[in-house]
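In the working numbering, the protein residues as written are 1 to 322. Built from N, CA and C at the ideal position, the CB exists for glycine as well. Computed from a predicted structure; not experimentally measured. Below: one structure, written as structure tokens.
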């Protein structure tokens with residue numbers, strides 16, 4: 001299926017309510033189910049407005065077992081994606097999106113996915129959401145990060161096919177049920193407890209119509225272990241100096257990525273984000289999905305969509321809601 005022009009797909013007009021989509025006057029809010037309205041103020045912003053703590057004061061000390069990142073004097077810790085959202089697409093988003101898009105088209109053909117109503121859970125900056133809208137889908141983009149949603153809103157300004165919602169994937173409450181639910185680029189790995197993965201699986205099931213399909217991918221322990229080599233990397237990107245280190249803890253199957261960002265023009269101190277991912281055995285995820293009411297659960301190697309092996313880096317799951 002070809003990708004229609006964004007304007008021809010109805011994404012060049014401001015949504016004003018009606019139908020089964022979001023209504024007029026809805027806006028970004030602090031609650032878990034606030035819808036993003038395409039306001040003029042948001043439309044003018046290429047990047048989100050944010051207030052960051054000024055780097056100053058005590059040094060950012062060691063974290064957890066094995067020490068962790070020891071930052072410079074004056075470093076300040078901020079929530080994940082608070083600042084890295086600004087460079088996410090250039091950093092990893094565009095590369096991951098290209099890989100996801102190629103796999104998605106193959107999966108769409110293989111499983112004859114129904115794409116009239118789709119949820120893009122953990123939508124981030126809206127790359128996949130925009131792609132689906134151009135394809136002709138009515139899309140609900142969901143993310144817990146307000147910074148990510150503001151970037152997605154700027155990207156999708158005027159798109160009547162899209163509703164953006166700030167929600168936690170464990171507690172989805174969508175304005176309408178969908179035929180296909182996507183949760184891409186290892187978003188589920190960010191849930192660090194089995195109980196939270198179970199909640200997310202049940203939440204996905206409630207959001208889908210009977211017979212609808214769930215597609216998500218996760219990083220494997222092999223992928224996170226190989227990346228968690230404790231080596232420190234540093235490079236410049238879009239006016240920022242980024243330093244990161246990934247550490248793997250075998251006992252908990254958890255990788256901790258510590259990112260330090262500072263402006264390249266210099267200054268005392270920087271901002272630190274700590275991101276964590278946990279690897280789950282495929283068998284456990286299948287059990288949790290079946291317990292949530294899914295059937296016909298298939299597990300594929302994301303690289304080629306064949307049978308997974310010992311060196312598989314990313315798993316692709318496809319399941320049908322019972």
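- For residue 243, the enclosing beta strand (DSSP E) covers residues 240–249.
- A Cβ-Cβ distance of about 6 angstroms is found for the pair residue 315 and residue 299, placing them in contact under the 8 angstroms criterion.
- Around the beta carbon of residue 210, fewer than 16 other beta carbons lie within 10 angstroms, which makes this residue exposed.
- If you draw a straight line from the Cα of residue 177 to the Cα of residue 320, it comes to about 14 angstroms.
- Under the three-state reduction of DSSP output, residue 220 falls in the coil class, being neither helix nor strand.
- The DSSP assignment places complete beta strand (DSSP E) segments of no fewer than 3 residues inside the region 122–171 at 138–143, 162–166, in order along the chain.
- Take residue 96, set aside five residues on each side of it, and the residues of its chain with a beta-carbon closer than 7 angstroms to its own are 185, in chain order.
- Taking 8 angstroms as the cut-off, the Cβ atoms of residue 181 and residue 121 count as close.
- Residue 193 and residue 119 have their alpha carbons spaced roughly 23 angstroms apart.
- Residue 207 has its alpha-carbon roughly 29 angstroms from the corresponding atom of residue 304.
- Rounded to whole angstroms, the separation of the alpha carbons of residue 111 and residue 131 is 19 angstroms.
- Inclusion of residue 125 and residue 151 in the CB contact set at 8 angstroms is warranted, their separation being smaller than that value.
- For residue 257, the closest alpha carbon among the candidates 226, 281, 161 is that of 226.
- Per the coordinates, the alpha-carbon of residue 174 lies some 9 angstroms from the alpha-carbon of residue 167.
- Here residue 303 carries a coil assignment [DSSP, helix/strand/coil].
- Contact between residue 255 and residue 247 is confirmed by a C-beta separation of about 7 angstroms, below the 8 angstroms threshold.
- Counted as a single uninterrupted DSSP element, the beta strand (DSSP E) harbouring residue 257 occupies residues 254–263.
- Annotation for residue 191: no beta strand (DSSP E) segment contains it, and DSSP assigns it neither H nor E.
- Taking 8 angstroms as the cut-off, the Cβ atoms of residue 214 and residue 294 count as close.
- Taking residue 77 as reference, the option from 261, 279, 198 with the minimal CA-CA separation is 261.
- One Cα belongs to residue 128, the other to residue 101, and the distance between them is close to 8 angstroms.
- For residue 199, same chain residues with a beta-carbon under 6 angstroms away, outside a window of 5 residues either side, are 170 in chain order.
- Shortest Cα-Cα distance from residue 222 to any of 279, 288, 271 involves 279.
- Between residue 234 and residue 224, the CB-CB gap reaches or exceeds 8 angstroms.
- A buried status is given to residue 153, since no fewer than 16 other beta-carbon atoms sit within 10 Å of its beta-carbon.
- Annotation for residue 285: the continuous alpha helix (DSSP H) segment containing it runs 282–291.
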